[in-house]
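Comments concern the structure below.
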Amino acid sequence: MQFTSLLAFLGAAATAAANSVTFDSLDSTDRTIYFVPTAGKQEIDSVSVPAGKQIKVEFPQSWIGNWYAVSTGAEKTTGMLGEVTFQGWNGMTYFDVSAIVNPNDVHGVKKMWPASAKTPTSGCDLYSCPEAYYLWDDVQTKVTEETDLFCSLGENGLTSLIGKREDGVEEPEEAPAVKRAFVLGGWEA
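Going by mature numbering (1 follows the signal peptide of the UniProt record, and there is no 0), the letters in the sequence shown line up with residues -18 to -1, 1 to 171, in that order.
Quick look at the structure:
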């Protein structure tokens, strides 16, 4: 019985530690990703993403916050944001790409999507597009049961191959989006 309980505990612990984002560099620019946790959430050290490579970052259980990318040699300025809530309302993962802080950043965060399903997506290959947050009340937050996400990085116009037709044209997605208030369980306004 104790052995079975231990296995169940270890299985639950493995599941709890499964949050991740794989940062996928689409171009020849090295970048550093800076993480900004919501107040009370764990700090995450910045990571370097080499040109043309992928780096997977693990996140703590129920982590909420955002990140931005800074190209090597560029001034450290907040740019396009990748935002996530792991284990939010109903245990779901909520995510979006936000242009609210700096809509002129076309060198960093581009697009986000669940690693397995590859849909829904948030963000753009070519900014500006209707799949990112531009105003605080835009209904652009995407939701998934997955806890592993991808985030593409690169210059404006580079293609992530997610959300594209065979001819390369970006197609609007018919995926539900929710208001930001839903992320933590709010449902008014």
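C-beta atoms are modelled at their ideal positions from N, C-alpha and C, and glycine is treated no differently.
C-alpha distance - residue i paired with residue j, whole-angstrom precision
i, j, result
"Ala(-1)", "Tyr50", "22 Å"
"Glu128", "Glu65", "15 Å"
"Thr54", "Arg13", "5 Å"
"Ser7", "Asn72", "32 Å"
"Lys100", "Thr126", "10 Å"
"Trp95", "Cys106", "11 Å"
"Lys23", "Trp118", "22 Å"
"Glu170", "Lys92", "Reliability of the predicted coordinates at Glu170 is poor, the pLDDT of 47 falling under 50, and the value obtained from them is presented with this limitation in mind. Rounded to whole angstroms, Glu170 to Lys92 spans 30 Å at the Cα level."
"Ser80", "Leu63", "5 Å"
"Asp9", "Gly34", "5 Å"
Rounded Cβ spacing between residue i and residue j (contact assumed at less than 8 Å)
i, j, result
"Leu131", "Val3", "5 Å"
In DSSP terms, what residue i is bridged to
i, result
"Val88", "Beta-bridge pairing links Val88 to no other residue."
"Lys124", "Phe77"
"Val39", "Val3"
"Val18", "Asn48"
CA nearest to the CA of residue i, picked from the options
i, options, result
"Ile82", "Tyr109, Thr101, Gln43, Asp9", "Tyr109"
"Asp87", "Ser98, Asp120, Val52, Pro112", "Val52"
"Phe41", "Pro19, Gln122, Pro32", "Pro19"
Near the ligand PLP: residue i beta-carbon under 7 Å from a heavy atom
i, result
"Gly61", "Inclusion of the ligand PLP in the displayed structure is not the case, the ligand content being empty and no account of it being possible."
Exercise. Let me know the beta strand (DSSP E) ranges lying completely inside the region 43 to 70, each 3 residues or longer, listed in chain order.
Key: At a cut-off of 3 residues, the continuous stretches assigned as beta strand (DSSP E) that sit fully inside the region 43 to 70 are 46 to 53, 63 to 67.
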